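The structure under discussion appears below in the form of structure tokens.
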């Protein structure tokens, strides 16, 4: 019995780093987890869903419940689909961990306007979209 038994959690950016750690921790405590990640590299390039799939496999191998979702949190309709994944797969939603973010090797004073806009798009709009649908 875990403290999250019967709870459903969405974790954005859950394929690696802290998001992965959150997903594993919630699952260990009994939560059903939606592992959301669009699969871009740390440089923001490409799409590879294998890391999200690996987190889901790890949770299931430990006896937990998880499903992968690859929708983009910054897209209004895609954010709705993330929430729908939780509700349709596990019957509800209790917690959203807005973990997805952009990490760039830049300081504020050296970021380009395009890099700034991309960061704000994910960190503000993305978190807003998922939270509003939840």
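Residue numbers (our numbering): -3 to 130. All C-beta atoms in this analysis are idealised placements derived from N, C-alpha and C, irrespective of residue type, glycine included. Quick caveat: nothing in here was measured; it's all calculated off a predicted structure.
Cβ contact annotation for residue 72 (same chain, cutoff 7 Å, sequence separation greater than five): 125, in chain order.
Note that the segment 46 to 59 does not touch the segment 105 to 119; fewer than 3 beta-carbon pairs, one per stretch, sit closer than 8 Å. Between residue 4 and residue 89, the gap from beta carbon to beta carbon is short of 8 Å. Annotated three-state conformation of residue 70 is coil, per DSSP. The three-state secondary structure of residue 8, taken from DSSP, is strand.
If you check the CB distance, residue 34 and residue 79 do not come in under 8 Å. In the three-state scheme derived from DSSP, where H, G and I count as helix and E and B as strand, residue 30 is classed as strand.
Annotated three-state conformation of residue 82 is helix, per DSSP. At the C-beta level, residue -2 and residue 24 come within 8 Å of one another.
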